[in-house]
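Participant: Take this structure first; my questions come after.
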Amino acid sequence: MTDLRTQVRDIARRRRRTVPTWFVDVAIAATFALIVTGWLMHDPSRAPDVTIVNDTPYDLTIKVSNATGERWMPFALVSAQSQLIVRAPIDQGEVWVFSFGPGGEYSLNRSALRESGWHMHVPASVPPQLAAAGIAPSPQPT
15 MTDLRTQVRD IARRRRRTVP TWFVDVAIAA TFALIVTGWL MHDPSRAPDV
65 TIVNDTPYDL TIKVSNATGE RWMPFALVSA QSQLIVRAPI DQGEVWVFSF
115 GPGGEYSLNR SALRESGWHM HVPASVPPQL AAAGIAPSPQ PT
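Under our numbering, the first residue of the sequence shown carries the number 15, and numbering increases by one thereafter.
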């Protein structure tokens, strides 16, 4: 017959062995999952910095998409009469389509964007379209 101290000691020994083993198993599985996820996930290709030149009297929210226009993503918030540099935007492919909301859309070939030094001027057609939609020019700071 075993005494109580031996039983307690055996139980304590088993607990000490199973908890760290379980913890090590979970840590190995989590590390493996992170490595596989990192290997499978790819960062989208990036374009050089793009400068948006807004010579209009409107603050603009600009979205961008590829030629299909199926998926739009936020691109820039540009104040009136200013310019903004968008750092390393996601490359939209051969054709970049910029949306100015009620101000319309503007398509630009990647080659034209490259030749312009990655500068995009807000088209002159945007302010009249915004005005026709009943949008007043943005207040100017004093």
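Quick reminder that beta carbons are idealized off the backbone N, C-alpha and C, glycines included.
Values in this document were obtained by computation on a predicted structure and should not be read as measured data.
Can you tell me where the beta strand (DSSP E) with residue 88 in it begins and where it stops?
Facilitator: Counting from 1 along the sequence shown, the entry for residue 88 is found at position 74. Residue 88 -> beta strand (DSSP E) spans 87-92.
Participant: Where does residue 101 sit, in a helix, a strand or coil, going by DSSP?
Facilitator: Walking along the sequence shown from the start, residue 101 turns up at place 87. Reduced to three states, the DSSP call for residue 101 is coil.
Participant: How about the region 79-97 and the region 107-118: do they share at least three Cβ pairs that are nearer than 8 Å?
Facilitator: Cβ pair count under 8 Å is three or more, so yes.
Participant: Compare the beta carbon distance of residue 104 and residue 62 with 7 Å and say whether it is the shorter of the two.
Facilitator: The residue given as residue 104 occupies position 90 in the sequence shown. The residue given as residue 62 occupies position 48 in the sequence shown. For residue 104 and residue 62, no; Cβs fall outside 7 Å.
Participant: Could you tell me which residues DSSP pairs with residue 72 in its beta bridges?
Facilitator: To locate residue 72, count along the sequence shown from 1; it is residue 58. None, per the DSSP bridge assignment.
Participant: According to DSSP, simplified to helix, strand and coil, what is residue 132?
Facilitator: Numbered from its first residue, the sequence shown carries residue 132 at position 118. Three-state DSSP puts residue 132 in coil, outside helix and strand.
Participant: Tell me whether the region 63-78 and the region 135-152 touch, counting them as touching only if at least three CB pairs, one residue from each stretch, are closer than 8 Å.
Facilitator: Yes, the region 63-78 is in contact with the region 135-152.
Participant: How far does the alpha helix (DSSP H) with residue 146 in it extend, from its first residue to its last?
Facilitator: Within the sequence shown, numbered from 1, the residue matching residue 146 stands at position 132. 140-146 is the span of the alpha helix (DSSP H), which, as asked, contains residue 146.
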